[in-house]
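Straight run, no breaks: the sequence shown in the working numbering ends on number 296.
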Amino acid sequence: MFEFGRDLRKLFEKARESDDLGWLELIGADLVAAEAQSLAIDAGRVSCAHPFDTWMRASALWREHARRTGRRTSLDRAAAAASDAARHTATPDQTAAAAIESGEIHLLRFDLFGGPEKLTAAVADVQSLTADRPATQSAAAALHARLTARRARLSGEAGPMLDAAALLDAALHGARGLPPTVGDDLRLDRAALGLEAGVARRDGRLLDQAGRDLRTLVESASPDYRPLTRARALALAGAGLMALARLAKNEAAAAQGRALYAAAAEQFTADHSPLDWVAVQLAPGDADTPLARLTE
């Protein structure tokens, strides 16, 4: 009567064709890697009907696996798949899309392993892109805003941070026609930037904006469908609250921050996203961890 296995396969087959990769949050890191490997094999076949699209999806999945596990090999496989996609472009927009995917890989490589030069190169590349489709233009603007925000946070200067916040605002407005995951990442980055700048400058307006962004993410990210996004928002809220608690020497606020971290840990298991799990488990116990590190 009930054929759950077949229904699950149908669900994943339908999801594989969608531009929204939010469904990946429903499966563990090992399954993400298996799916990425399967797509890479399909894309490499002579019989593959849509090699560009398949290589692009393989790259996105390897990138997601690297984001969760920190594995350099997965990030290298994502870069290789993006390079293969670039060799199968047929339109200027496909060329731009492949370059955007490459830029996303540079951004994640910086997040995982550092190296400001990666951000500089990626910003230069994305600024030189030309695209006809509004969706591709919006995706390029989103990447440019996120890269600029990383560079601004590195500088620690108020001017670049405020400029980056304005770019994130504009990119978030333009991302309405893109998959929800793009908007979620922009909102997380805007919240992280707002928390860091708000704490450093004692700016209540920036802190309030960060709080609104995180509240929106927590309320919109269902624990049944988007557990990792929800956990990241809760953890970032905890990081901000603990930073403020340290400034004010307020133990009650620090306890609330630790409670938010505990709530984040309840959203997923260690094998689902090892890196997120480590961050959630270790950060509350390190009172001296700077906010910049907590919000990464």
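In this text, a Cβ means the ideal position worked out from N, Cα and C, and glycines have one as well.
*Between the beta-carbon of residue 218 and the beta-carbon of residue 226, is there less than 8 Å?*
No, they are not a contact pair.
*Taking all protein chains shown into account, decide if residue 305 is buried (16 or more other Cβ within 10 angstroms of its Cβ) or exposed.*
This structure cannot settle anything about residue 305, because the visible part of the chain is limited to 1 through 296.
*Determine the burial state of residue 260: buried for a count of at least 16 other Cβ atoms within 10 Å of its Cβ, exposed for fewer.*
By the C-beta density criterion, residue 260 is buried, having at least 16 other C-beta atoms within 10 angstroms.
_Pair within 8 Å by beta-carbon distance, residue 206 and residue 237_ = Contact: no.
*asked:* I need the boundaries of the alpha helix (DSSP H) containing residue 144, first residue and last residue.
replied: Boundaries of the alpha helix (DSSP H) harbouring residue 144: 134 to 155, taken from the DSSP string.
*So, is residue 124 buried or exposed, given that buried needs 16 or more other C-beta atoms within 10 angstroms?*
So residue 124 counts as exposed.
*How about residue 74 and residue 85: do their beta carbons lie closer than 8 Å?*
Contact flag unset, no.
*Could you tell me the distance, in whole angstroms, from the CA atom of residue 77 to the CA atom of residue 141?*
Roughly 25 Å between the two C-alpha positions.
*asked:* With distance defined between alpha-carbon atoms, name the residue in 209, 199, 181 nearest to residue 19.
replied: Check the Cα spacing between residue 19 and each of 209, 199, 181: the tightest is with 181.
_Candidates 202, 203, 223, 150: closest to residue 188 by CA position_ = Ranking the options by Cα distance to residue 188, first place goes to 150.
*What did DSSP end up calling residue 71 once you bin it into helix, strand or coil?*
Coil.
_Looking at residue 107: is its Cβ nearer than 8 Å to the Cβ of residue 122?_
Yes; because the gap between Cβ atoms is below 8 Å, this pair is in contact.
*How many Å lie between residue 268 and residue 132 at the Cα?*
Approximately 40 Å between the Cα atoms of the pair.
*Do you know whose CA, among 114, 43, 120, lies nearest residue 367's CA?*
The structure shown does not extend to residue 367, since the chain is modelled only from 1 to 296, so the question has no answer here.
*Going by beta carbon distance, what residues of the same chain come within less than 6 Å of residue 167, once the five residues before and after it are set aside?*
Excluding positions up to five away in sequence, the list reads 145, 148.
*Shortest alpha-carbon distance to residue 30 belongs to which of 282, 274, 45?*
The shortest C-alpha separation from residue 30 is found at 274.
*residue 62 vs residue 96 beta-carbon contact at 8 Å*: No.
_Rounded straight-line distance, which links the Cα of residue 251 to that of residue 232_ = When rounded, the distance between both Cα atoms is 23 Å.
*If residue 154 and residue 116 are in contact, beta carbons under 8 Å, what's the gap, nearest whole angstrom?*
With 8 Å as the limit, residue 154 and residue 116 qualify as a contact, their Cβ atoms being about 6 Å apart.
*Ordered along the chain, which non-local residues of its own chain (more than five positions away) have a Cβ less than 6 Å from that of residue 2?*
Any reading at residue 2 is ruled out, since the residue's pLDDT is 42, under 50, leaving its predicted position unreliable.
*Taking residue 34 as the reference, give the member of 57, 45, 47 with the closest Cα.*
With distances taken between Cα atoms, residue 34 lies closest to 57.
*Those runs of the alpha helix (DSSP H) which lie wholly inside the segment 32 to 77 and span at least 4 residues*: Restricted to the segment 32 to 77, the alpha helix (DSSP H) segments that are unbroken, complete and at least 4 residues in length are 51 to 69, listed in chain order.
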